[in-house]
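Please read the structure below before turning to the comments.
In the numbering used here, the protein residues as written are 1 to 212.
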């Protein structure tokens, strides 16, 4: 893993058929053979699969930001916006797709209860050098030490209203399946970690909810 400076980073990873199917199971796909069986003639990758890109390879390392040390269970994913530039995502039956991720911290804002981080990430398919997606993420680290560095002025969170509201019954084991796609934050499966972070019980991954 290497970075161009303390507020940017480049890292590499890959995905294959198993990762695509495991992600589909992690976000509640059950009887959709076009999402769960590579033998289906309409087999495809969910657009939201791109939310696993930050966890490919070694994954995004926020500890690489100068002065930022934190307990993983204190990290919350507040907001995520994804732009998709190339879809369907490339997929090969016999080999893995190689991905290059380039991230940059747009701002770091200290608050009384923790630190708000605005992060941008671009994901490229290495062979063709095609830009697949752009992620705009806002993360919150509860009760971290003050961080002095900032990349730019703070960006306010979106206040737009939901365009659609739906309800889903989430099985108790869903977080255990979803975490196999790369987000192993104990906050989502371990009672003690969740309570230490200020929650009564483990909470479902926000990006799992997005996939549903």
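Ideal placement from N, C-alpha and C gives every residue a C-beta, glycine not left out.
Would you list the one or two residues that DSSP bridges to residue 126?
-> As a first step, residue 126 must be located in the chain shown, where it is residue number 126. In DSSP, residue 126 forms no bridge with anything.
Check whether the Cβ atoms of residue 142 and residue 113 lie closer than 8 Å to each other.
-> If you number the chain shown from 1, residue 142 lands on position 142. If you number the chain shown from 1, residue 113 lands on position 113. A distance below 8 Å separates the beta carbons of residue 142 and residue 113.
Assuming residue 211 and residue 55 make a contact with CB atoms under 8 Å, what is their CB distance in whole Å?
-> As a position in the chain shown, residue 211 is number 211, starting the count at 1. As a position in the chain shown, residue 55 is number 55, starting the count at 1. Under the criterion of beta carbons closer than 8 Å, residue 211 and residue 55 do not qualify as touching, at roughly 13 Å.
Quick one: residues in its chain with C-beta nearer than 7 Å to the C-beta of residue 203, no 5 flanking neighbours on either side, listed in chain order?
-> Here residue 203 corresponds to residue number 203 of the chain shown, with the count starting at 1. Only 187, 188, 194 meet the Cβ criterion.
Quick one: residues in its chain with C-beta nearer than 7 Å to the C-beta of residue 42, no 5 flanking neighbours on either side, listed in chain order?
-> Within the chain shown, residue 42 is the residue found at index 42, counting from 1. Contacts found: 34.
Where do the ends of the beta strand (DSSP E) carrying residue 100 lie?
-> One-based indexing of the chain shown puts residue 100 at position 100. Residue 100 -> beta strand (DSSP E) spans 97-111.
Please list, in chain order, all residues of the same chain as residue 49 whose beta carbon is under 7 Å from its beta carbon, the five residues on each side excluded.
-> Counting from one through the chain shown, the residue named residue 49 turns up at place 49. Within the same chain, residue 49 has close Cβ partners 20, 23, 89.
What number of angstroms, rounded off, separates the C-alpha of residue 117 from the C-alpha of residue 138?
-> On the chain shown, position 117 is the one that residue 117 refers to. On the chain shown, position 138 is the one that residue 138 refers to. Their backbone Cα atoms lie some 6 Å apart in a straight line.
Please report how far the alpha carbon of residue 75 lies from the alpha carbon of residue 40, in whole angstroms.
-> Here the question's residue 75 lines up with position 75 in the chain shown. Here the question's residue 40 lines up with position 40 in the chain shown. Answer to the nearest angstrom: the Cα atoms are 38 Å apart.
Does the count of Cβ pairs from the segment 124-132 and the segment 91-100 closer than 8 Å reach three?
-> In short, these stretches touch, since the Cβ pair count reaches three.
Between which two residues does the beta strand (DSSP E) carrying residue 12 extend?
-> Taking the chain shown and counting its residues from 1, the one referred to as residue 12 is at position 12. Annotation for residue 12: the continuous beta strand (DSSP E) segment containing it runs 8-15.
First and last residue of the uninterrupted alpha helix (DSSP H) at residue 193 = For the purposes of this step, residue 193 is taken as residue 193 along the chain shown, with counting starting at 1. Note, residue 193: alpha helix (DSSP H), 191-196.
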